[in-house]
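A short write-up of the structure that comes next.
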Amino acid sequence: MAQSGILSVKQIIGVRSSVTNGLAFQDEQTVVYIAGGNIVLYGIDQKAQKVIPCSINAQALTTMTVSPNRRVIAVAERINDHPSVTIYDLQTGKRRKTLQPETMKSTDIVSLLFSSDSKYLLTQGDAPDYQLIYWSWEKGKVMASTDIKPTAGSHPTASVNQVSFNPQDNTQICATGHGLFKMFRYTDSTLKPSQNLKQEHFNFTCHCWISDERLLAGTDQGKLLVIQNGEILHEIKVDTKSDSRSVTSHYSMDERSGGNESSMDINADGDHVGKSEIKCIVPYSRGVLIAAGVNKVYMFDRIDDNREYYRRNREILLPSDTTDKINNERIVSMCLSPSEETLIALTDHQQIYQLSFSGIDITKDVATFSYLADGYHHAQVTGVDTCIRKQLIATCGVDKSVRIWNYETGTLEICKEFQEEAYTVSIHPSGLFILVGFSDKLKLFTILIDDLRPFKEFSIRGCREALFSNGGHLFSAVHGNVIQIYSTVTFENITNLKGHNGKVRQLVWSPDDARLFSCGMDGAVYEWEVSTSKRLHEAVLKACGYTGLGLTPDSKTVYAVGTDRKIKEIFEAQQIVREVSITPDDVQPTAIALSHTGKSLLVGTSKGTVRSYSFPISKPDDYTEYIGHVGMVNRLRVTYQDEYAVTIGDDGIVILWTLQEVGIAKKEKETIYAEEILITKTDLEEKNALIRELKQRVSELREENDYQLKLKEMNYAERIRDLTDKFMQEMENLKTKHTVVTGEKEKEASRHAEQIHDLTEKQLKELQDLESSNNQKLMLEYEKYQDLQAKTQKTQEDYERQLTELENRKEEEVSQQRLQFTAQLERIKNELILEREKGKQQSRDHEETKRQIEEDADEEIVKLMETHEGALIQCKDENVNLRNKSTTYQRKVKDLEESIRKRETDLVTLKSEEIKLQNNIRGLKKDIEGLKKEIQERDETIQDKEKRIYELKRKNQELEKFKFVLDYKIKDLKKQIEPREIEIKDMKEQITQMEAELERLSKSNDEEKLKSEELRAKLNASSLSLRQEKQMKRDSELALKRIKTDIHNCSAFITEPKLLAQRVADIYAQYVREDATEDASIDQDITKEYARQRDHLERTVRSLKAKVDKDSERHKTENIRIMQENVTLIKEINDLRRELKASRVKLQDLQTAMGISRKTAARTTEEIVHALNTQQNNHIVNEKQNELENLIQHQRHEIHRLNDQITRVENN
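Just so you know, the UniProt record's numbering puts 747 at position 747 of the sequence shown, and the rest follows in order with no gaps.
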């Protein structure tokens, strides 16, 4: 079984504007947007696309967002009526994560946004629950969620359309919508409401954060609100330039209660406020960009004014659409490039525009967008066709436009907009004509270089299917249920094919154009023979309405798709040999196409995908499905070379697919495409005239520019001379100033030396004072330390002694009390024991004598009881006394313990004070050590400064000696320079004289030229005279010849004298005049004179020509030599000037470095000689002296050479 063709997206022409926030930048040159069911990364500079397909099961794409680090993109999808968020890697195009909000009841997600650190993601669901979910998307974990419900008193139809993070705080979230504005705070894994807006009657359409506390919100009434902490600080009406006001006192209770009525306010122009709805807000460094109303973007600059936060300064308009009379195109999404250099805008007409801020005219208040790529279809695309001899495809759509694209480059070649909708298009195989079907007529247009021009109209109303034959000599068009065949050459209706009972959906010509295949909604597939208008075969299945048709290369097998969701293989258009069902059940085939090799079968479906089936087809699931459109695929075409496939859909998008057929070898030779274009004679003449006019204008501009350039050069030369003079004057002034400054510098140096000496003495004195003061302070602190240490030691000894005494006393008293109480207790115990024994004995005695002394018992008992009661009372009293004493002793012990604790506290306090004192002592010791180090460092600094001062003094003495030597050398150089300046001046005068001589020679040359012209005139006159003489000679010779002929003829009358005489007389009368003799003699003399003069003039002219040529050559050579010598002299003079200037600069540098001044230069010769003798061994002086001597020697050679050249010029 052969493999199916492999498809890959080459280019997507179009964009989806229904995706919220559907535009973003990946980097400075790459724009990200949604087109069909794909994510497109479009390179602005390269004009290239990278396509990332979304989920194949996605029913709809609702919103998208790109992470702030520009690495991933999140797309909200609806899959099987459930919301889903898929995150893709923008670099690799692979799927990174899929988030499934299980608890969300809505089917769509209306808003997505990443946090500023790209770690978290917000998803906002639609009705009914409006669930807000806070994700950690990398982990796929729900951090928190909440249902946003309208508060009491808010708008009854409140809804949410946008959520956002605070860019500085990932825990703060804002949600806005229709009659709703809420703030949330993420804490403890929950989203808690905070800072809700007190006036929720606004219908918010969008918002953005401008700081960590403040945000901007736009309404459907065209109002921009500045909100902070739940309070509206400011209100701006975007469509009014000066209508901005503070709102702290603007909103009254009446306005809060009746806010919904304000939505019906009317602007000054009479339009409803709803037309100024703010669609999106984009912040940038200097303010915000606001898309509001129709085809406008407003630029607002931020100002530091609490009464007026923003001020509008510019409008940006969309390009005008000629077919849109209402002009209601609105911007739905905008984004700025990372460098804020480019603004991209997406409109509801499915167009993308761009604006480069560097190209804005700052003097104007209005700027205009331009298309990012080419203009796209902004409505359903209904027709498509491909060309054979050119790389062209033609499309038409509900937007009333016909567009011709180059499918190789993906660019728009021609766009023609009409006043009515175009139903179908068919492009001629040559690429020079196109058929377009309209509601009233079928029109044939010629394809010019930049336009479509009507050529022929056919009365076919509502033609929704038309097709050129493969050869281009015929075309077929559907008129109702009838197929009409026309000749492309004569435009005659050759035949009509009748048989369909319903709409004809597609026509296909056989490769040889002998047969035509058609299918329709009546369930019929017919094969027609064009030459006989006969129906050769038919296959009718009334239960199925056919929507697409494909034909094999041999024209024997037809593949058709229709409403019964099956692909039918029909042999010879009469027998259905195979049916393949389309799976799943919710997918219906809408279009079908076969490659021209017959090896690839492509099917377009109702959900926008394209399937490539294995061919021949046998199994329903033996196919590969590719994501393309969102919505039904209307048409599917394959180019003639089987390189590309083209699909169009209800979503207004055209997709170019690259088709690679497995097992099909590539063609050996490349396809040769035609490059011819049509252009009318009038247009060509106009363009040629325009080219000639532009060439002439360019020539004029070039001449004018050359003239202006010469003027500028002259002006600049004059300015250079002026500047040179000015700079020379300034140099002289600077020299004078330098001399003055040098003197002042010396004064300042001496004054600074004195100040340094004074400061040094002062510093030494201060150091001595500081050292003595620090020593005194140190002694005092040491004495204090000794006293404090003695006091601390004494206090510690006293406290320790007191503690020892107290502890001993406490132990003694406790031991005494313990012994005393112990003895008392023992005595009492012993007494109790004795008493108990006595009682027992008495009881025994009583028992024994009970019987005997019953009478005395009572008395004895009473006595004993009295005795024992007294003793008991005594014991109790003693016990009470002991207890009181014990309580007293315990209280004393407690007092002693309290006193001990106080002593311990005092001891701790004394210890802390001792620690503080020790810390102070350590700090003082550190201070003493620091002061000692500082004193040592200052001593070292003073020593270094003294050494430095000594070295500077020594160097100063050496420099003063060197200064005297240089002063002497400078004077010598000045003496040598002055003669050279005089020589230069003399050479300038000589050059001026030579220029005057050159001018004189030039005038002499002009005079010689005039003389030469006069001689040429004389020569011309002589030549004219010579020609006249030659003409007279020829006339004379002719007359002589005639006379000879007549005389010869007279010889015939030699025998007849009369006739001979008569004939001679006639000849004489004919040729001889009366003054012939005289004229002959005069003419002979004149001729001789003329000849003599002519010879003389010719010799003169030749000698003059030779002389003129020789003089011209000599003058030319002399002029060239003089000019060359002048150039050489000027160049050498300039070099000498530069050397002189460099020498002066070096001299000034040396003077500056050595501190030489004219005041100190007045020294005697003996001192200079002495200085020279003392500096013989100084290598710096020797080097400078050698350098100056070499420079003087070189300049002497140059002067000598220039004098030789001047002598040679004078001799010549």
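Virtual Cβ for every residue (Gly too), placed ideally from N, Cα, C.
Going by DSSP, I109 is part of the beta strand (DSSP E) stretching over I109 to F114. Taking a cut-off of 8 Å on C-beta distances, the stretch 794-803 does not touch the stretch 945-957, as fewer than three cross pairs fall below it. In the structure shown, the three-state DSSP call for K566 is strand. Contact fails between the stretch 353-372 and the stretch 602-616, because fewer than three Cβ pairs, one in each stretch, are under 8 Å apart. Contact check for V402 and A422: beta-carbon distance about 5 Å, within the 8 Å limit, so the pair qualifies. In the structure shown, G649 falls within a strand segment according to DSSP collapsed to helix, strand and coil. Looking at the backbone, the Cα of A466 and that of V282 are separated by about 47 Å. Looking at the DSSP output, T86 shares a beta bridge with V75 and T98. DSSP places R1063 inside the alpha helix (DSSP H), whose first and last residues are P1057 to Y1071.
Note on geometry: alpha-carbon atoms of I6 and S612 lie some 7 Å from one another. The beta carbon of G431 is closer than 7 Å to those of C387, R389, K390, L392, I447 and A674 in its chain, skipping five residues each way along the sequence.
With a threshold of 16 other beta carbon atoms within 10 Å, Y707 falls short and is exposed.
For I1130, the closest alpha carbon among the candidates M994, H1194, S1004 and I485 is that of M994. Straight across, the Cα-Cα distance linking A292 with G523 is about 51 Å. Collapsing the DSSP output to three states places T742 in a helix.
Restricting attention to beta strand (DSSP E) runs no shorter than 3 residues, the stretch 563-613 encloses them at 566-571, 575-581, 589-594, 601-605 and 610-613, ordered along the chain. Using a Cβ-Cβ distance cut-off of 8 Å, the stretch 563-574 and the stretch 19-35 are not in contact, since fewer than three pairs of beta carbons, one from each stretch, lie closer than that value.
Taking 8 Å as the cut-off, the beta carbon of A175 is found no closer than this to the beta carbon of L215. Beta-bridge annotation (DSSP): D169 is paired with N166.
Counting of Cβ neighbours within 10 angstroms places T240 among the exposed residues, the total staying below 16.
Within the stretch 419-507, no run of alpha helix (DSSP H) reaches 4 residues while sitting entirely inside it. Sequence-distant Cβ neighbours of Y1071 in its own chain, meaning closer than 6 Å and more than five residues away, are I1043. Check the Cα spacing between T563 and each of V51, S699 and S581: the tightest is with S581. The count of Cβ pairs closer than 8 Å, one atom from the stretch 617-624 and one from the stretch 640-653, stays below three, leaving the stretches out of contact. In this structure, A560 lies away from G545, with their beta-carbon atoms at least 8 Å apart. Sequence-distant partners of D212 (beyond 5 residues in either direction) whose C-beta falls short of 8 Å from its own C-beta, in its chain, are N166, P167, Q168 and D169. In this structure, the beta-carbon distance from T86 to I109 does not fall below 8 Å. Between I52 and Y88 the beta-carbon gap is near 6 Å, inside 8 Å, which marks them as a contact. With respect to the C-alpha of F369, the residue from L318, L346, H349 and Q419 having the closest C-alpha is L318.
Here L656 really is in contact with Q11; their C-beta atoms are around 5 Å apart, less than 8 Å.
Distance from S159 to Y130 at the Cβ level is roughly 7 Å; contact confirmed, criterion being Cβ atoms closer than 8 Å. Where T30 is concerned, the enclosing beta strand (DSSP E) starts and stops at T30 to A35.
R697 is classed as exposed because its beta carbon has fewer than 16 other beta carbons within 10 Å across all chains shown. As a beta-bridge residue in DSSP terms, N38 pairs with A35 and P53. DSSP links V226 through a beta bridge to L216 and H234.
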